[in-house]
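Visitor: Mapping to the working numbering: the sequence shown position 53 is 53, numbers consecutive.
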Amino acid sequence: MSDITVTRSNLVFGRPSLIARGGRAVVLAVACLAVILPFIAVISTSLASQEEISRAGGFVFWVTDPTLDAYRAVLSGGVVTRSVIVSLGIAGVGTALSVLCTIGLAYALSRTSMYAQKPMLLAVLFTLLFSPGMIPMYLVVKQLGLIDSYWALILPVLINAFNVIVMREFFLDLPAELMESAKIDGAGEFLVLTRIVLPLSKAVIAVIALFYAVAYWNSFFNALLYINSPEKWPLQLVLRTYVVNETPMGVDDLVMEGSALPPQVAIQMAILLISVLPMLIVYPFIQKHFTKGLLIGGVKG
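(1) Which same chain residues end up closer than 6 angstroms to residue 215 when comparing Cβ atoms and leaving out the 5 residues on each side of it in sequence?
(2) Of all the options 282, 198, 262, which has the alpha carbon lying nearest to the alpha carbon of residue 48?
(3) If residue 208 and residue 167 are in contact, beta carbons under 8 angstroms, what's the gap, nearest whole angstrom?
(4) What three-state label does DSSP hand residue 130 in the structure shown?
(5) Residue 305: buried (16+ other C-beta within 10 angstroms of its C-beta) or exposed?
(6) Quick one: grab the DSSP three-state call for residue 137.
(7) Give the C-beta separation of residue 226 and residue 141 to the nearest angstrom, bearing in mind that I take them to be a contact with Cβ-Cβ under 8 angstroms.
(8) I need the DSSP call for residue 199, collapsed to helix, strand or coil.
(9) Helix, strand or coil for residue 249 per DSSP?
(10) Taking the alpha helix (DSSP H) that residue 262 belongs to, which residues open and close that run?
(11) I think residue 235 touches residue 87, with their Cβ atoms under 8 angstroms apart; what is that distance to the nearest whole Å?
(12) In angstroms with no decimal places, state the Cα-to-Cα distance between residue 84 and residue 78.
(13) With a cut-off of 8 angstroms, do at least 3 Cβ pairs link the region 158 to 177 to the region 107 to 125?
(14) Skipping 5 residues on each side, what residues in its chain have a beta carbon closer than 8 angstroms to that of residue 16?
(15) Can you give me the Cβ contacts of residue 288 inside the same chain, cut-off strictly under 7 angstroms, excluding the 5 residues immediately before and after it?
(16) Output the distance between the C-alpha atoms of residue 37 and residue 201, rounded to the nearest integer angstrom.
(17) Once you ignore the five residues that flank residue 20 on each side, which residues in its own chain have a CB closer than 8 angstroms to its CB?
(18) Just to confirm my understanding: we take residue 179, look at its own chain, exclude 5 residues before and 5 after, and list those with CB closer than 7 angstroms. What are they?
(19) How do the region 148 to 164 and the region 236 to 256 stand: do at least 3 beta-carbon pairs fall below 8 angstroms, yes or no?
(20) In chain order, what residues of the same chain lie with their CB nearer than 6 angstroms to the CB of residue 108, ignoring the 5 residues before and after it?
(21) Which one of 224, 185, 111 has the shortest CA to CA distance from residue 171?
(22) Could you tell me the alpha carbon to alpha carbon distance between residue 31 and residue 69, rounded to whole angstroms?
(23) Under the assumption that residue 60 contacts residue 51 (Cβ atoms under 8 angstroms), give the Cβ distance between them as a whole number of angstroms.
(24) Excluding the 5 residues flanking residue 286 on each side, which residues of the same chain have their C-beta closer than 7 angstroms to its C-beta?
(25) Hey, could you find the ends of the alpha helix (DSSP H) residue 173 is sitting in?
(26) How is residue 149 classed by DSSP in three states: helix, strand or coil?
(27) Below 8 angstroms between beta carbons: does that hold for residue 74 and residue 237?
(28) In three-state terms, what does DSSP make of residue 40?
Here it is as structure tokens:
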């Protein structure tokens, strides 16, 4: 009984004081405002008219007369529309191929009976510690004839060693008895992978797929190095050219005929919002898998 009393007393004394809780609340509120306020400014400015932007001196924090002219302009079939389609295609194809290759390599490295499993694992860890560098990678891509090709944005980053290690550790954590019983019933490695391992690994696959999708969607430097034709630019290069460098967009870039051009600031903020919107939509659906999918595999790895 006395032990219970002491434990409860410790719990009471262990609670943070009112000042500490208030301080945490203030820090959390400031951090939230630091994220939310710029986001509100981007959305409001993208919806604002020229009069409101001029009256606010650049950025509008609360739009009173919202208009979708900036979004109609950037999605009218011009440079931004084409770059969005390019980025979606690269992210979709690249993520699918990367997940398939990562699953295959991680499963092979998780099978201790595989021939040369340890040397292959060491080779993967070596690439994790030592990257080839920009110039050797560029020469390899050039020798393969991938310059100015969409494959130059996918093949050099097809497999990420960190993701392979995380997925391998998740596979090792699965009950070995299930795989052994399947093999006793005559199943091969492919059936074990597709019928047993993958259905039990949806969490880690979802998280790794999100990692690859974000990497492909935000890919900027590879596109800057390998893509020469402006019509093949992904969205991140358009973002750099027209938002970061503030290059004005003309009627030809937006394919607008017979209508007034929206304010350049509204166009820039619309491009900026479009560039982050897919990840904002996808992330809440994947977030629930992070604890099981990433932490289990990542901590053990």
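Idealized CB from N, CA, C, for every residue including glycine.
Model, not experiment: these values are computed from the prediction.
Guide: The answer reads as follows:
(1) none
(2) 262
(3) 6 angstroms
(4) coil
(5) Only positions 1 to 301 of the chain appear in this structure, which leaves residue 305 out of reach.
(6) helix
(7) 6 angstroms
(8) helix
(9) coil
(10) Here residue 262 belongs to no alpha helix (DSSP H), and DSSP marks it neither H nor E.
(11) 4 angstroms
(12) 10 angstroms
(13) yes
(14) 24
(15) none
(16) 38 angstroms
(17) none
(18) 192, 196
(19) no
(20) 114
(21) 111
(22) 32 angstroms
(23) Going by Cβ atoms, the distance from residue 60 to residue 51 rounds to 10 angstroms, so no, they are not a contact pair.
(24) 206, 207, 210
(25) Note, residue 173: premise wrong, no alpha helix (DSSP H); not H, not E.
(26) coil
(27) no
(28) helix
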